[in-house]
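Novice:
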Amino acid sequence: MLAGQGRTVLMETNGSVPVSGLDERVIKIVDVKCPSSGHAGSFLLKTSPT
């Protein structure tokens, strides 16, 4: 993995897939959608890295 080679790795998601299984060195960017946006249905709170 690139992180193992000392590289900076970023993972961006809309929150519809879990990020909990990613290497701890990976920077996780989660695009949280508020209910009023009309796009909150795809966001799974349990996938949030907290």
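Our numbering numbers the first residue of the sequence shown as 152 and each following residue consecutively. Yeah, the Cβ is synthetic: ideal placement off N, Cα and C, and Gly gets one too. Here the structure is a predicted model, which is why all the values come from computation and not from measurement.
1. In this structure, does DSSP put LEU173 in helix, strand or coil?
2. As a quick exercise: from SER171, GLY155 and ILE178, pick the residue whose alpha carbon is nearest that of GLU163.
3. Count the other C-beta atoms from every protein chain shown that fall within 10 angstroms of the C-beta of GLY189, then say buried if there are 16 or more, exposed otherwise.
4. Quick check on SER166: buried or exposed, where buried means 16 or more other Cβ atoms within 10 Å of its Cβ?
Specialist: This is what the structure gives:
1. One-based indexing of the sequence shown puts residue 173 at position 22. DSSP, reduced to helix, strand and coil, places LEU173 outside both helices and strands of the structure shown, so it counts as coil.
2. Taking the sequence shown and counting its residues from 1, the one referred to as residue 163 is at position 12. Ranking the options by Cα distance to GLU163, first place goes to ILE178.
3. Reading the sequence shown from its first residue, position 38 is the one you call residue 189. Here GLY189 is exposed: its Cβ has fewer than 16 other Cβ atoms, across all protein chains shown, within 10 Å.
4. Residue 166 sits at position 15 when you count from the first residue of the sequence shown. In the sequence on display, residue 166 carries Gly and not Ser. Counting the other CB atoms within 10 Å of its CB gives GLY166 a total of 16 or more, which places it among the buried residues.
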